[in-house]
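Asker: Take this structure first; my questions come after.
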Amino acid sequence: MRNLPFTRYSLTGSPISCPICGNAERTLISKYDRRFKILPHSKCDECALVRHEFMLSDEQLSEYYSKSYRSDYQWVNSGPTARHIKKRVLEANTRINKLKPYLKKCSKILDFGCGSGEFVELTQKLDALASGFEPGNLYASYARDQKGLDVQNCGWENYECKSKNDVVTAFHVFEHLTDPRTAFQKAISWLKSNGLIYIEVPNMANLLKLKGFGSLHMAHTIGFGRYSLELLGAYSGMVPLEIFDEFNIGIIFKKGQPRPLNEIKRNSLEEFNNLNFKQVNKRFWLYSTSKLFGKRSKV
Ligand SMILES: [Zn+2]
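Okay, so the sequence shown: first residue is 113 according to the working numbering, each after it adds one.
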C-alpha cells in the first residue's frame, strides 16, 4: 500500500521559508516524486533552492529514516552489501584525490555523515587523523565495530567535537537536512581557524534537466545547484577554494569575503531558470521514454 502511486506519504509536513535565504516566496515545480507519489516540490523565488513544499519536522524525518528509508532506498535491515562498499570505496578515492592538494601531514579530518566509513578508513591510510559521525545505527556500528574506526553514532546536533579539525567533509549529506545553515555553522565550529569544509551534493539543476521529477524523492528535503551551495557557504563567511562542477557539485570552502549575496542568488536563479513545472514534467517523460526505447544515459 505504501508505494501506491498517486497517493500521499503517511507523513506530511508544513510549508516553510527557504532554509538558506529565508524567503517565503516559492514556485511549485512538481506535484509528484519519482514513484508518482504525491510529494510537491517548490523552487525558492529568491535563490532557486529546491525544497519539499511540505517540509517534515526533524522528528518526522527521524521516524521516516528509522521506519522506511532503508527499505525504500538502501539496505534492508542488514549491514552494507559488497556492492555498496565497492561503490563507496571508488567514490572515497575520487574525493580523496580532490582533497589531497590541501592536506598537510597528519591533517585532522572529520567526516560529517560518514555512512559505512569508507572515506574515514581511506584517509587514515594517508596518515590523516580521520574520524566521523553517522546517525544511521547500522552504518555507524559497521564502521565502528567491524572496521574499528573512530565513528560516533549521532546526528550533527548531538556530535561532540573533542578537538578541532583541519577539514570537515560532508558527502551527499546536506541534501537530507532541514536546517543546512545551522549545520554548516556547526561544521565551522569543529574547525581550526583556517580549516576547510568540503561539501558534495547532487546538483539538482543537472538532475532535473536529465530526469525531471524522476529525480525527486522523500529523502532529499532540499536540492542545491552550483550557486545555491556557494550561497550556503557565503552566509557563514566561507568562499569556494575549489569547485568541482561535475554532474554532482562539490565545493571546498575556506574562510573569506563572499561575493555579494544578490549576485550569487542571481546566478542561482539563472542556473534553474528553465526548470519550471512544465519543463520538469516534460523532462520526466522524455527521460522515461528514452529509457523505454533503450537509450541509456551516460550518467
Ligand atoms: Zn532561498
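Cβ atoms here follow ideal geometry from the backbone N, Cα and C, with glycine treated the same way. Source: prediction; values computed, not measured.
Does the beta carbon of Leu381 fall short of 7 Å from some heavy atom of ligand 1?
Answerer: no
Asker: Would you list, in sequence order, the uninterrupted beta strand (DSSP E) runs of no fewer than 3 residues that lie entirely inside the stretch 202–236?
Answerer: Here the runs fully enclosed are 220–224.
Asker: Straight-line CA distance for Val351 to Asn374?
Answerer: 15 Å
Asker: In its own chain, which residues sit with a C-beta less than 6 Å from the C-beta of Phe231, not counting the 5 before and 5 after it?
Answerer: Contacts found: Ala204 and Asp223.
Asker: Would you give the residue range spanned by the beta strand (DSSP E) that Asp278 belongs to?
Answerer: Asn277 to Phe283
Asker: In three-state DSSP terms, what is Leu173?
Answerer: helix
Asker: Helix, strand or coil: which one does DSSP assign to His164?
Answerer: strand
Asker: Taking its Cβ as the centre, do 16 or more other Cβ atoms sit within 10 Å of Asp278, making it buried, or is it exposed?
Answerer: buried
Asker: Which of the three DSSP states, helix, strand or coil, is assigned to Gln264?
Answerer: Judged by DSSP in its simplified three-state form, Gln264 adopts strand.
Asker: Is Glu375 near ligand 1, with its Cβ less than 7 Å from a heavy atom?
Answerer: No, the beta carbon of Glu375 sits no closer than 7 Å to any heavy atom of ligand 1.
Asker: Considering only the beta carbon of each residue, do Trp302 and Val280 sit closer than 8 Å?
Answerer: Pairing Trp302 with Val280 gives a Cβ-Cβ distance under 8 Å.
Asker: Is Ile376 helix, strand or coil by DSSP?
Answerer: helix
Asker: Mind reading off the beta-carbon distance from His288 to His332? Whole number of angstroms is fine, and I expect it under 8 Å.
Answerer: 7 Å
Asker: Less than 6 Å between C-beta atoms, sequence neighbours within five positions excluded: which residues of the same chain meet that for Ile364?
Answerer: Leu308, Tyr310, Leu353 and Glu354
Asker: Where does Ile128 sit, in a helix, a strand or coil, going by DSSP?
Answerer: DSSP, reduced to helix, strand and coil, places Ile128 outside both helices and strands of the structure shown, so it counts as coil.
Asker: Please specify which runs of the alpha helix (DSSP H), each continuous and at least 4 residues long, are wholly inside the stretch 295–352, giving them in chain order.
Answerer: 316–323 and 338–346
Asker: Taking the alpha-carbon positions, what's the Asn249 to Ser126 distance?
Answerer: 28 Å
Asker: Rounded to whole angstroms, what is the Cα-Cα separation between Asn386 and Ser380?
Answerer: Straight-line Cα distance between these residues: approximately 12 Å.
Asker: What span of residues does the beta strand (DSSP E) with Ser243 cover, start to end?
Answerer: Leu241 to Phe245
Asker: Indicate, with yes or no, if ligand 1 has a heavy atom lying under 7 Å from the CB of Glu342.
Answerer: no
Asker: In this structure, does DSSP put Thr401 in helix, strand or coil?
Answerer: helix
Asker: Can at least three beta-carbon pairs, one atom from the stretch 257–272 and one from the stretch 199–219, be found at a separation below 8 Å?
Answerer: no
Asker: Measure the C-alpha to C-alpha separation of Thr139 and Gln391 and round it to an integer number of angstroms.
Answerer: 13 Å
Asker: By DSSP, does Ser178 sit in helix, in strand, or in coil?
Answerer: helix
Asker: For Ile197, which beta-bridge partners are listed by DSSP?
Answerer: Per DSSP, none; premise fails for Ile197.
Asker: Measuring alpha carbon to alpha carbon, tell me which of Tyr214, His153, Lys212 and Gln369 ends up nearest Ser327.
Answerer: His153
Asker: Quick check: what's the CA-CA separation for Ser275 versus Asp291?
Answerer: 24 Å
Asker: Run through DSSP, which three-state label would Lys259 get?
Answerer: coil
Asker: Let me make sure I understand the geometry here. Which of Tyr121, Asp157 and Asn315 has the alpha-carbon closest to that of Asp145?
Answerer: Tyr121
Asker: Tell me, please, whether the stretch 166–174 touches the stretch 394–402 by the rule of three or more beta-carbon pairs shorter than 8 Å.
Answerer: no
Asker: With a Cβ-Cβ cutoff of 8 Å, do Phe283 and Glu312 count as a contact?
Answerer: yes
Asker: Rounding to the nearest angstrom, what Cα-Cα distance links Thr294 and Gly406 in this structure?
Answerer: Using only the alpha carbons, I get a separation of about 44 Å.
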